[in-house]
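Q: Got a structure for you, written out below as structure tokens; questions coming shortly.
Residue numbers (UniProt numbering): 1 to 256.
Okay, structure coming up:
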């Protein structure tokens, strides 16, 4: 598996992903656009319907518009209507709106699938392994942990797989989900704007312990993450010479 590592010393300003649109922001924008457009369409349709219901309501047994409106009879095709221009106009406007929404939504979801590419910054890539009933997170230097620890304002890419049955890895706070399939690897990414502790959940019914298949995500500052990651070499017995440190420490810049 290819490793995407950031050297310890990187010239220039601190590397971070705080300026990119996170998946959570993308999904929220899609929801807000559809909510606003749906509400506007609903208001227009309801208002139009109520206006005609009130204006052309029956006031008695007789038809008050018998002299001004030609009522069609059973089996007769309606005539008038400006030659069908109203129908064509309404369908045309609807088609433009729907096609535009489809194109825009596809572009937004493609961005979520591919992820951003920040010049001068390599992503932190962590392998996620699901099993009945827990998660293991494998870092580039081989260190394994039951807790996902990441720096804030950095792009974190996840390679998700499973040791046994189908699982589904998800972090609700970051709107991140990816299938964990035995023998296959799926990808996901996120950025965490705030430090704190969040929860990982499994969204695929995988057995009797499915509801207990959780883990913690600890988001720390970039400085704290750099110090923590440097100490994981000793815990895993990985040689910590100068060359290994320069190539294996997935951090850069100053603390956020």
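We put the CB at the ideal spot given by N, CA and C, even for glycine.
Can you list, in chain order, the residues of its chain whose CB lies under 6 Å from that of residue 1, leaving out five sequence neighbours each side?
A: Because residue 1 carries a pLDDT of 38, less than 50, the predicted location of this residue cannot be relied on, and no value is offered for it.
Q: Would you mind working out which of 229, 212, 111 and 184 sits nearest residue 29, comparing C-alpha positions?
A: Measuring from the Cα of residue 29, the nearest candidate turns out to be 111.
Q: With 16 as the cutoff for other CB atoms within 10 Å, does residue 180 come out buried or exposed?
A: Buried: at least 16 other Cβ atoms inside 10 Å.
Q: If we ignore side chains and look at the alpha-carbon of each, how far apart do residue 45 and residue 51 end up?
A: Cα to Cα, the separation comes out at about 10 Å.
Q: Under the three-state reduction of DSSP, which class applies to residue 170: helix, strand or coil?
A: In the structure shown, residue 170 sits in a strand (DSSP, three-state: E or B).
Q: Within 10 angstroms of its Cβ, does residue 104 collect 16 or more other Cβ (buried), or is it exposed?
A: So residue 104 ends up on the exposed side.
Q: Going by other Cβ atoms of all chains shown within 10 Å of its Cβ, with 16 needed for buried, is residue 31 buried or exposed?
A: Its Cβ having fewer than 16 others within 10 Å, residue 31 is exposed.
Q: Taking the alpha helix (DSSP H) that residue 158 belongs to, which residues open and close that run?
A: Unbroken run through residue 158 is the beta strand (DSSP E), 156-162; no alpha helix (DSSP H).
Q: Going by the beta-carbon positions, is the gap between residue 151 and residue 201 smaller than 8 Å?
A: No, they are not a contact pair.
Q: Going by DSSP, what residue range makes up the alpha helix (DSSP H) through residue 47?
A: Residue 47 -> alpha helix (DSSP H) spans 23-55.
Q: Taking contact to mean at least 3 C-beta pairs separated by less than 8 Å, is the segment 204-215 in contact with the segment 129-140?
A: A contact exists between the segment 204-215 and the segment 129-140.
Q: At what residues does the beta strand (DSSP E) containing residue 187 begin and finish?
A: Taken as a continuous stretch (DSSP letters only), the beta strand (DSSP E) holding residue 187 covers 186-190.
Q: Would you say the segment 159-167 touches the segment 222-231, given that touching needs at least three Cβ pairs under 8 Å?
A: In short, these stretches do not touch, since the Cβ pair count stays below three.
Q: Taking the straight line between their C-alpha atoms, what separation do you get for residue 22 and residue 175?
A: Rounded to the nearest angstrom, the two C-alpha atoms are 9 Å apart.
Q: Starting from residue 179, trace the beta strand (DSSP E) both ways and give me its first and last residue.
A: Run containing residue 179: 176-180, per the beta strand (DSSP E) assignment.
Q: Helix, strand or coil: how does DSSP classify residue 253 here?
A: Low per-residue confidence applies at residue 253: pLDDT is 39, beneath 50, and the placement is therefore not dependable enough to give any value.
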